[in-house]
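J.:
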Amino acid sequence: MNVVTMFDSWCSKGVLTSIAGQASSQIDSHDDATGVAVLAAKLPDAYAETTALALIAERHGKPGVAAFLRHRLPTKKSARSGDMGEILATAYLAEERGYVVGPSRLIDRDHQEWAMRGDDVLAARIDAGSELRIVKAEAKSRVTVGGATVKEAREGLARNAEMPSPHSLSQFATRLLKTSDREIGEAVLDLQLTDGVRPDRVRHLMFLLTAGDPSAHVGADLKAYAGTVPQLTVTLRVQQHQKFINDAYDKVVASVP
75 MNVVTMFDSW CSKGVLTSIA GQASSQIDSH DDATGVAVLA AKLPDAYAET
125 TALALIAERH GKPGVAAFLR HRLPTKKSAR SGDMGEILAT AYLAEERGYV
175 VGPSRLIDRD HQEWAMRGDD VLAARIDAGS ELRIVKAEAK SRVTVGGATV
225 KEAREGLARN AEMPSPHSLS QFATRLLKTS DREIGEAVLD LQLTDGVRPD
275 RVRHLMFLLT AGDPSAHVGA DLKAYAGTVP QLTVTLRVQQ HQKFINDAYD
325 KVVASVP
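If you count the sequence shown from 1, you need to add 74 to reach the numbering used here.
#1: Does the Cβ of Glu205 have 16 or more other Cβ atoms within 10 Å, making it buried, or fewer, making it exposed?
#2: Asp106 and Glu160 - do their beta-carbons sit closer together than 7 Å?
#3: Could you check if Asp157 is buried or exposed, using at least 16 other CB atoms within 10 Å of its CB as the buried criterion?
#4: How is the beta strand (DSSP E) around Arg256 delimited, first residue to last?
#5: What do you get for Pro148, buried or exposed, if any count of 16 or more other CB atoms within 10 angstroms of its CB means buried?
#6: By how many angstroms is the C-alpha of His104 removed from the C-alpha of Thr309?
#7: Rounded to whole angstroms, what is the Cα-Cα separation between Asp201 and Gly172?
#8: Are the Cβ atoms of Val326 and Leu117 separated by less than 7 Å?
#9: Taking Thr302 as the reference, which of Glu236, His134 and Met80 has the closest Cα?
#10: Between which residues of its own chain and Asn320 is the CB-CB distance below 6 Å, once the five residues before and five after are set aside?
#11: Going residue by residue through the stretch 219-248, where are the continuous alpha helix (DSSP H) segments of at least 4 residues, counting only ones entirely within it?
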């Protein structure tokens, strides 16, 4: 049975191709307006707990929710762009690859404009052989993605000997303990505190949100990769990159009085 994902209504279906034994995929937006609407509906949950949003909606209605989110969503273009890359990478892992991603780490950010430290995105699942698999993802969002941006993403994936940072991983597991995916959180903690996280348990995702075509840089990066962690690079192309991002954020708070 085909599962409909949040990308299906506004994006082409990405096809995985092999480059030097690693995987790459390109997804193209064919309906930016629908994409903006889909993301505007998804953004609140990336910045606030659903229980808090439900309580505010019950007491203050939609304008109250919008006013609350206005103080949590970034307003600077650079911050919005970076966050959108992480949010879309997280959604891709959950909806297109079947990983558990847990509550957004952006919920706990100290200030709406501040960049967060640690791994951009972590995800996990139990595979068919009952083994825990963890994805460490690096997301980049630029109008044009050149070789320097891909290099920066590769350096992020290479940090901590290519493994998830211990602090980011423990935070990820702790967030999962509060959800219906508690058993995945427990498995992550058990692995971290007993055997330790090894390369055979980890996968890498490089997620690029851009208006251009970075395929030459992606190909060069994957051909040059000499590590043992399986790689997947996904490029999501949106022609009006910055407008698309800002329209999605602006739509969320449009009902603020």
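Backbone N, C-alpha and C fix where the C-beta goes; we use that ideal spot for every residue, glycine too.
T.: Looking at the coordinates:
#1: Within the sequence shown, residue 205 is the residue found at index 131, counting from 1. Answer is exposed; the Cβ neighbour count stays below 16.
#2: Residue mapping note: residue 160 aligns to position 86 of the sequence shown, counting from 1. Residue mapping note: residue 106 aligns to position 32 of the sequence shown, counting from 1. For Glu160 and Asp106, no; Cβs fall outside 7 Å.
#3: In the sequence shown, residue 157 corresponds to position 83, counting from 1. Buried, because 16 or more other Cβ atoms sit within 10 Å of the Cβ of Asp157.
#4: One-based indexing of the sequence shown puts residue 256 at position 182. Where Arg256 is concerned, there is no enclosing beta strand (DSSP E), although the alpha helix (DSSP H) it sits in stretches over Arg256 to Leu267.
#5: On the sequence shown, position 74 is the one that residue 148 refers to. Pro148 should be labelled buried.
#6: Numbered from its first residue, the sequence shown carries residue 309 at position 235. Numbered from its first residue, the sequence shown carries residue 104 at position 30. Taking the straight line joining both Cα atoms gives about 14 Å.
#7: The residue given as residue 201 occupies position 127 in the sequence shown. The residue given as residue 172 occupies position 98 in the sequence shown. Cα to Cα, Asp201 sits roughly 10 Å from Gly172.
#8: Residue mapping note: residue 326 aligns to position 252 of the sequence shown, counting from 1. Residue mapping note: residue 117 aligns to position 43 of the sequence shown, counting from 1. Yes, the pair counts as a contact, with Cβ atoms nearer than the cut-off.
#9: Within the sequence shown, the letter at position 228 stands for residue 302. For Thr302, the nearest C-alpha among the options comes from Glu236.
#10: Counting from one through the sequence shown, the residue named residue 320 turns up at place 246. Contacts found: none.
#11: 221-232
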